[in-house]
Amino acid sequence: MSFWMNALRRLAAVIAGLLTVVVPAVVTDEILHATGLMARANVLSTNEALAALGYRSVFTVLGGWVAGSLAPCHPMRPVWVLALIGLIAGLAGALGTPDYGPDWYKWSLAIEAIPLVWLGGRLAMRYGGCALPDRSASTVSPTSKLPSPPPMS
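Residues 19 to 171 (the working numbering) are what the sequence shown spells out, left to right.
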């Protein structure tokens, strides 16, 4: 596969991972606000903020897994890009929205981005992540090149 095709596939992996984090989080927020189960962000109680942090953490791990799984090779590269995007977005949110819930909640969203996305990427590598080329045919095992024994007479 060409360099540019791999680059486009890595970019698609990052975008898919980002959408996997953002879309479900926003939809879940809106459903919880519309049903009255959770207040708007500027009046979140500690329990509501913990719940939001919990489901957002799950979505963040899932986003890392998606980015790592869709990578054409070297699955952690798109994962690290996604983690950096999450860190920057979290810091921007914490610094730019002073009335957005409790302070610990804002900062924890920024701090959790790197370890949770990394965890998702590691899970992708372990459980069905990037399909690396099969090099087993090119590697020589110690017993593969032994001569056959002579036929017994």
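Glycine included, each C-beta is placed from N, C-alpha and C at the ideal position.
message: Looking at the secondary structure, which residues open and close the alpha helix (DSSP H) in which residue 119 lies?
response: Note, residue 119: premise wrong, no alpha helix (DSSP H); not H, not E.
message: Tell me whether the segment 41 to 59 and the segment 96 to 111 touch, counting them as touching only if at least three CB pairs, one residue from each stretch, are closer than 8 Å.
response: Using a C-beta cut-off of 8 Å, the segment 41 to 59 makes no contact with the segment 96 to 111, since fewer than three inter-stretch Cβ pairs fall below that distance.
task: In angstroms with no decimal places, state the Cα-to-Cα distance between residue 43 and residue 117.
output: Going by C-alpha positions, residue 43 is about 19 Å away from residue 117.
When 24, 39, 144 and 168 are compared against residue 70, the one with the closest alpha-carbon: Between residue 70 and the set 24, 39, 144 and 168, the nearest pair of CA atoms involves 39.
query: Do you know whose CA, among 132, 120, 136 and 81, lies nearest residue 41's CA?
result: Nearest C-alpha to residue 41: 81.
task: Counting only the same chain and skipping the five closest in sequence on each side, list residues whose C-beta sits under 8 Å from that of residue 53.
output: Contacts found: none.
query: Residue range of the alpha helix (DSSP H) that residue 40 falls in?
result: Where residue 40 is concerned, the enclosing alpha helix (DSSP H) stretches over 21 to 52.
- request: Taking all protein chains shown into account, decide if residue 79 is buried (16 or more other Cβ within 10 angstroms of its Cβ) or exposed.
  value: Counting every other CB atom within 10 Å of its CB across the protein chains shown gives residue 79 a total of 16 or more, marking it as buried.
message: Counting C-beta neighbours from all protein chains within 10 Å, is the total for residue 21 16 or more, i.e. buried, or is it exposed?
response: Counting Cβ neighbours within 10 Å, residue 21 comes out exposed, since fewer than 16 surround it.
message: Relative to the C-alpha of residue 10, which candidate in 124, 130 and 133 has its C-alpha closest?
response: The structure shown does not extend to residue 10, since the chain is modelled only from 19 through 171, so no value can be given for it.
- prompt: Does the Cβ of residue 116 lie closer than 6 Å to at least one heavy atom of the ligand GTP?
  reply: Ligands displayed in this structure: none; no statement on the ligand GTP is therefore possible.
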